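Some notes on the structure that comes next.
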Amino acid sequence: MYTIATLEDLRRHLNLGEGDSASDDALLRALLEASHLIESATLRRYCPRVETLEVKPDRSNPRALILPDDLLELRAVNDDGGAIDLADLVALPRNGDEPASILQLKRGAAFRLGLSPVGSVSVSGVWGWHDRWSAAWRDSGDQVSENALSASATQLVVADSEGGDADGARPRFHVGHLLRIDGEYLRVSAIDRADNRLTVLRGVAGTRATAHLRGAKIETYAPAPVIRDLCVRYAERMLKSVGPVDLDSSPLLERMRRLTA
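My numbering numbers the first residue of the sequence shown as 8 and each following residue consecutively.
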């Protein structure tokens with residue numbers, strides 16, 4: 008299950024009451040389709056993932072890497088000479104809150120590719136698009152409760168699934184939420200409000216499922232509001248439409264389309 012907006016986002020948009028859950032399956036299907044179509048139309052992903060990509064430098068400019076995706080957080084770079092000190096790299100554009108599209112070596116250095124004509128540089132990091140990455144993860148106000156969470160567990164017990172998060176938004180957990188505990192990403196697939204129990208998919212978006220101690224902080228991912236709202240509106244349109252939904256006429260989608268070489 009991969010959705011940009013959550014089930015609760017769509018339910019609020021449609022003004023559905025707490026007890027009106029009969030259509031939840033249909034709402035989730037619409038969110039899935041809307042998320043897929045938006046990302047296909049813009050050639051971007053709007054939920055972060057951890058991955059190592061192989062990037063082939065332009066031989067005419069061996070100091071720079073044109074990245075094949077939006078880079079939110081750089082973790083490691085390796086060329087034929089081994090690991091490159093991240094302090095020797097600059098990410099462009101120089102805005103730490105928005106994704107980078109180019110990595111460039113400082114001081115006139117060039118990436119080492121050896122003798123292979125298909126040499127590449129491995130770039131490890133967090134990939135995706137967000138317009139304010141420093142505020143993308145929110146404190147849920149909750150933590151791993153009861154016992155420690157094992158690497159194989161799919162039931163996450165929290166203190167209060169309906170409580171407000173650190174900013175007062177309620178409920179703090181939604182079906183479809185992307186969570187972060189330590190370095191692991193988890194996706195909420197179901198919520199038992201009575202028992203404060205979340206059913207979660209473990210180790211999603213390129214991360215590994217690992218054990219977490221009781222009391223470990225739980226964060227929730229908040230996509231860029233403009234994209235989350237667009238996903239909700241398209242999901243609503245899909246629920247009401249008897250035919251395919253035309254996305255090509257959206258000026259926002261046109262502006263968001265990622266340019267590729």
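Positions of the beta carbon are idealized from the N, C-alpha and C atoms, including for glycine.
Just so we're clear, the structure is a prediction, and the values are computed from it rather than from any experiment.
Which residues does DSSP list as the beta-bridge partners of residue i?
i	result
residue 61	129
residue 154	Paired residue(s): none; residue 154 is not in a bridge.
residue 3	Residue 3 is absent from the model: the chain starts at 8 and stops at 268.
residue 136	Residue 136 is not bridged to any residue.
residue 193	186
residue 119	DSSP lists no partner for residue 119.
Just curious, the beta strand (DSSP E) that residue i is in, first and last residue?
i	result
residue 200	Premise fails: residue 200 is in no beta strand (DSSP E) and is neither H nor E.
residue 186	185 to 188
residue 98	96 to 99
residue 109	107 to 112
Rounded C-beta distance between residue i and residue j? I'm assuming under 8 Å.
i	j	result
residue 72	residue 106	In fact, because the Cβ distance is near 14 Å, the residues do not count as touching under 8 Å.
residue 46	residue 53	7 Å
residue 221	residue 152	7 Å
residue 191	residue 216	6 Å
residue 51	residue 77	6 Å
residue 66	residue 116	In fact, because the Cβ distance is near 16 Å, the residues do not count as touching under 8 Å.
residue 188	residue 137	At roughly 20 Å, the Cβ-Cβ gap does not stay under 8 Å, so residue 188 and residue 137 are not in contact.
residue 91	residue 165	Rounded, the Cβ-Cβ distance is 40 Å, inconsistent with contact.
Could you spell out the range, first to last residue, of the alpha helix (DSSP H) harbouring residue i?
i	result
residue 17	14 to 20
residue 260	258 to 263
Could you name each continuous beta strand (DSSP E) segment of 3 residues or more that falls completely within the region 208 to 245, going from the start of the chain to the end? 224 to 228
Going along the chain, which unbroken runs of the beta strand (DSSP E) with 3 or more residues stay wholly within the region 26 to 94? 56 to 62, 71 to 86
Would you call the region 146 to 156 and the region 99 to 114 in contact, with 3 or more CB pairs under 8 Å? no
Inter-stretch contact (C-beta, 8 Å, three-pair minimum) for the region 236 to 245 and the region 80 to 87: no
Check whether the region 163 to 175 touches the region 26 to 45, counting contact only when three or more Cβ pairs, one atom from each stretch, lie closer than 8 Å. no
Does the pairing of the region 148 to 163 with the region 206 to 214 give three or more beta-carbon distances under 8 Å? yes
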